[in-house]
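>
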Amino acid sequence: MDYAAIDQISRSDYPNNNLKNIQYGTAGFRMRAELLPHIVYRMGILSVLRSKFFNGAAIGLMITASHNEEPDNGIKIVDPVGEMLRADWEKIATEFAKVPDSELIKKIKEIIREKNIDENAPALIVLGRDTRESGVSLSQAAVKPIEFMKAIVKDFGVITTPQLHYLVACINTKELYGAPTIDGYFNKLSSAFKKIQTVESKIVKKINYKNEVYLDVANGVGAFAAKKFKEQLANFLTINVFNVGGGKLNYKCGADFVKIQQAPPLNNPSKPFLKCASIDGDADRLVYHYVDEKNEFNLLDGDKIAILIVSYLKELIEAKTGVKHLHHRAQQFDIGVYFEANGHGTVIIKDEIVKMIREFVSDKNISSQQRSAMTELSNIIDIINQVVGDALSDMLLVETILYAKDWDIVTWKQCYSDFPNKQLKVKVLDRNIIKTTDAERQCTSPMGLQDKINELVSQYPKGRSFVRPSGTEDVIRVYTECQNQMDVDKLSAQVALAVYEYAGGVGEKPIVP
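Residue numbers (the UniProt record's numbering): 1 to 513.
1. Please state whether DSSP places Gln-485 in a helix, a strand or coil.
2. DSSP three-state label for Ala-341, please.
3. Could you tell me whether the Cβ atoms of Ile-381 and Val-398 are closer together than 7 Å?
4. Across the stretch 459 to 475 and the stretch 16 to 28, are there enough close Cβ pairs to call them in contact, namely three or more that are closer than 8 Å?
5. Pick from Phe-148, Arg-371, Asn-267: whose alpha carbon is nearest that of Gly-246?
6. Can you give the Cα-Cα distance for Lys-462 and Val-506, rounded to whole angstroms?
7. In terms of residue numbering, what span does the beta strand (DSSP E) encompassing Ala-277 cover?
8. Check this for me: beta carbons of Val-258 and Val-217, under 7 Å apart or not?
9. Helix, strand or coil for Asp-118 per DSSP?
10. Expressed to the nearest angstrom, what Euclidean distance is found between the alpha-carbon atoms of Lys-109 and Glu-69?
11. Quick one: what's got a C-beta closer than 6 Å to Tyr-3's C-beta in the same chain, skipping five residues either side?
12. For Val-495 and Gln-262, what's the separation of their Cα atoms in angstroms?
13. For the beta strand (DSSP E) containing residue 518, list its first residue and its last residue.
14. How many angstroms separate the CA atom of Gln-414 from the CA atom of Met-43?
15. Hey, out of Arg-11, Pro-80, Ala-65, Gln-369, whose CA is closest to Val-387's CA?
16. Could you work out which residue in Glu-119, Met-62, Glu-95, Phe-419 is closest to residue 538 when comparing CA atoms only?
17. With burial defined as no fewer than 16 other Cβ atoms inside 10 Å of the residue's Cβ, what is the status of Gly-389: buried or exposed?
18. Between His-165 and the rest of its own chain, which residues show a CB-CB distance below 6 Å, the 5 nearest in sequence each way excluded?
19. Among the residues of its own chain, which have a CB less than 7 Å from the CB of Leu-396, if the five just before and after it don't count?
20. Taking DSSP as the reference, what is the three-state secondary structure of Gln-23?
21. Pick helix, strand or coil for Gly-222, following the three-state DSSP scheme.
22. Using DSSP with H/G/I as helix, E/B as strand and the rest coil, what is His-38?
23. Quick one, are the C-beta atoms of Gly-512 and Ile-476 less than 7 Å apart?
24. In the DSSP assignment, find the unbroken beta strand (DSSP E) run with Gly-247 in it and report its ends.
25. Just how far apart, CA to CA, sit Ser-278 and Asp-284?
26. Return no unless some Cβ of chain B is closer than 7 Å to the Cβ of Lys-194.
27. In the structure shown, what three-state DSSP assignment does Glu-501 receive?
28. Is residue 516 helix, strand or coil by DSSP?
29. Roughly how many angstroms lie between the CA atoms of Gln-232 and Thr-375, to the nearest whole one?
30. Would you please state the rounded distance, in angstroms, between the beta carbons of Lys-252 and Lys-210? I believe it to be under 8 Å.
31. Among the residues of its own chain, which have a CB less than 7 Å from the CB of Asp-334, if the five just before and after it don't count?
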């Protein structure tokens, strides 16, 4: 490890700009791109230490700011199974980013000592970035210290965030999860999707399902991946891709815009009942939507996606496989489905369940119907990117289920009725002033804010409102729902105003209609 070179380049090319209010959040560091170079340089160092901590396991470094505006960028570290960085290392990352230049080497040695890291252990870093212009120079900032530390870098260039998570998981599972290449990612998902549709098409003719989707890719990195799926699935699913890069990243388009504004993205087709979907800038969020005959906008967000998946898996396991095959395992092993309302989520299936399903496929003692169901489950597993929320993987899963159920998008929308709801952002000086509990449904700090929210909510029948700090920027997210849209608009503005007043709001004050 060349400490002298690490120190010299840090001071000359990537000096600490003495940012005070920086924090490694749920998605790493995010801020204006020009503020990031010294942070990215140091995360390159930290990723190598993390890899050495695991005796050479691949660690991911992704340079992206997801749904943020184009001038922003960010960096996050991906752990060995493709999961987010552990919480105790998030704290280390925050401290490491802040340490003065004069103490950088001292801090590196301190981490090595406290975490009992073997300096001579191998290290492998998997690097990726989104389409932001700043990503090129930031990638270079990450690579320099990695090379000084004699680690190996696999730079995949422009890829989606979920693809990076996939690659890390594949490398560390010795390809049990899949081939650790971008082609391996596309082939695994596409092959499973086509297998299911080929089998299903022989069972019953589909009447209501339409194998066409209009996909808004937010002028982001998802455009490359979406076009590849479009090619590979040409005879199975028609993917009409728009907002492919001619406009600003995430500007009036993408999953975050569509969810928050409750409106279609720029360039969305206007024909009623066309099945449309939007992903965000780094392709880890997905929402569906359409306009009806009255030109009214209809959104199918993460909640709708979760219910669709859960109901389908439940039907497939109980009705087709026979409960007896899974019942004795049900309390030991889980299939978990999680989706945030913003469209970020996935399905997690325990390894034991995956193994059991694969074994049942070749079991000669089960019926042909049960084998068919188990084969379908096995292929479903290969469509899912279990390591992280993946918008394109999730889209293929949704299309698979709609095809199996022979549903159009309207039938899906009607599977349950949503209360009108709204999400707002309130800019604050420091997001850390907000503390929550009870799965972020109760605010414990600042004092008095939750009481004020309770007072406001009590004025509306069936009203609910929650506030939570963003994990990536100094804003507080406000969620509100009521029985009618007029109440939602008023309550959300009132709660936003309360947050502004209690939590140190900055900029324009929310206006109550």
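Glycine included, C-beta positions come from ideal geometry on N, C-alpha and C.
Checking against the coordinates, here is how it stands:
1. helix
2. Here DSSP, grouped into helix, strand and coil, assigns Ala-341 to coil.
3. Result no, Cβ atoms of Ile-381 and Val-398 do not sit closer than 7 Å.
4. Contact annotation: the stretch 459 to 475 touches the stretch 16 to 28, with at least three C-beta pairs closer than 8 Å.
5. Asn-267
6. Lys-462 and Val-506 have their alpha carbons spaced roughly 31 Å apart.
7. 276 to 279
8. no
9. coil
10. 36 Å
11. Ile-105
12. 19 Å
13. The displayed coordinates of the chain run from 1 to 513. Any statement about residue 518 would go beyond what the structure contains.
14. 46 Å
15. Comparing alpha-carbon positions, the option among Arg-11, Pro-80, Ala-65, Gln-369 lying closest to Val-387 turns out to be Pro-80.
16. Missing from the structure shown is residue 538; the chain here goes from 1 to 513 and no further.
17. With 16 or more Cβ atoms within 10 Å of its Cβ, Gly-389 is classed as buried.
18. Val-78, Gly-82, Val-387, Val-388
19. Leu-189, Phe-193, Ile-383
20. coil
21. helix
22. helix
23. It should be noted that the sequence gives Val, not Gly, for residue 512. With a cutoff of 7 Å on beta-carbon distance, Val-512 and Ile-476 are scored as not near each other.
24. Neither: Gly-247 is in no beta strand (DSSP E) and is coded neither H nor E.
25. 11 Å
26. In the structure shown, chain B does not exist; there is a single protein chain.
27. Three-state result, Glu-501: helix.
28. A query on residue 516 cannot be resolved here, the shown segment of the chain reaching from 1 to 513 and no further.
29. Straight-line measurement puts the Cα of Thr-375 at about 21 Å from the Cα of Gln-232.
30. Incorrect: roughly 26 Å between the Cβ atoms, too far for contact.
31. Lys-350
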